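Quick notes on the structure that follows.
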Amino acid sequence: MTEREDAVDRFRRLLSSHIGFLKRSCWLFDQGHEDEALRIATSLRVLFHDTRHATSLLTHLGMNGPEALMLGTEHNRHGPDWWMDFFVVHLDLNGPEPVRVSAACAQRYTGRPIADWWSGETLFSYDGTGYTRRAVVRAMTDQDGGAHVDAVLAGFYESLMRHGEGLSIVAEFERLGATPFENGVPQYAGNAHLALMRQLAHEVLATVSYFEWPVQDSPIVPWTTRFPTKANATMTRNVDE
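Mind the numbering: the sequence shown is residues 238 to 478 in my numbering, read in order.
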């Protein structure tokens, strides 16, 4: 085996490893371990992020050419309502966090070239600037604990953490004793940045299934999540192309 063949074999093993990491992190996330989002972001960075000084795993494998597609969440809402395509809202007036969101994990996708999925499509805007999957992943890995920690976070990322554009509730309790959260103050979901990582992992795993990426699959039992295949689903390419 040549040195190049040995490297490609190693890259293929790493591809299986990182897809496996995503699956296991998603399973744990769904059991309530939402900090698995940090691991998800790190694997997404390894898989997709190219720079002048670093090469992504997909580039090493020649899997991110212009014809290679990703299944992205169908994204029709923009402006303050952008999140409705990605999240499901949960309310719990008896807990300290009355508003939470979870990944929608919807079964409707739009096929996009990998580069457009990663760093082209705008997910949301902050202060007049659009932000992509790449931007959110890098903020989590480079600033918020995925691989590094910064004292100051990017403004768009802090806004996502507060999810101030999302659904909020203002409750006025009349009861004896302490209330589970502050009365009369808008309450927003504080986990939108984590749920978004879970949603991006869902998109990647759907892509792996549909396009039959060359990975060694390790099923998780009793995880019942179903992903699309060419036998049970159809794909719509991005209408903007």
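Cβ atoms here follow ideal geometry from the backbone N, Cα and C, with glycine treated the same way.
Keep in mind that this is a model prediction, so the values were computed, not measured.
Confirm the yes/no value for this check: CB of residue i, any heavy atom of the ligand MG, distance under 7 Å.
i: Ile256; result: Here there are no bound small molecules, and the ligand MG is not part of this structure.
Can you pull the DSSP bridge partners for residue i?
i: Thr366; result: Tyr363
i: Ser339; result: Val325
i: Ile406; result: Gln424
i: Asp381; result: Val386
i: Arg276; result: The partner list for Arg276 (beta bridge, DSSP) is empty, contrary to what the question assumes.
If you draw a straight line from the C-alpha of residue i to the C-alpha of residue j, how long is it?
i: Leu265; j: Leu308; result: 23 Å
i: Gly403; j: Arg463; result: 28 Å
i: Leu431; j: Val338; result: 9 Å
i: Ala274; j: Glu240; result: 35 Å
i: Leu397; j: Glu242; result: 43 Å
i: Ala305; j: His385; result: 30 Å
i: Asp381; j: Thr366; result: 21 Å
i: Lys260; j: Leu433; result: 15 Å
i: Glu478; j: Val422; result: Any reading at Glu478 is ruled out, since the residue's pLDDT is 46, under 50, leaving its predicted position unreliable.
i: Pro303; j: Asn331; result: 50 Å
i: Pro350; j: Val452; result: 20 Å
Quick check on residue i: buried or exposed, where buried means 16 or more other Cβ atoms within 10 Å of its Cβ?
i: Thr288; result: exposed
i: Ala341; result: buried
i: Gln268; result: exposed
i: Arg250; result: exposed
i: His439; result: buried
i: Leu437; result: buried
Could you please give the first and the last residue of the uninterrupted beta strand (DSSP E) stretch that includes residue i?
i: Gly309; result: 306 to 310
i: Thr347; result: 346 to 350
For the alpha helix (DSSP H) containing residue i, name the first residue and the last one.
i: Thr444; result: 429 to 447
i: Lys467; result: That residue, Lys467, is in no alpha helix (DSSP H); it is neither H nor E in DSSP.
Find the nearest neighbour of residue i within the set the options, judged by alpha-carbon distance.
i: Ala244; options: Thr279, Leu298, Ala278, Ser253; result: Leu298
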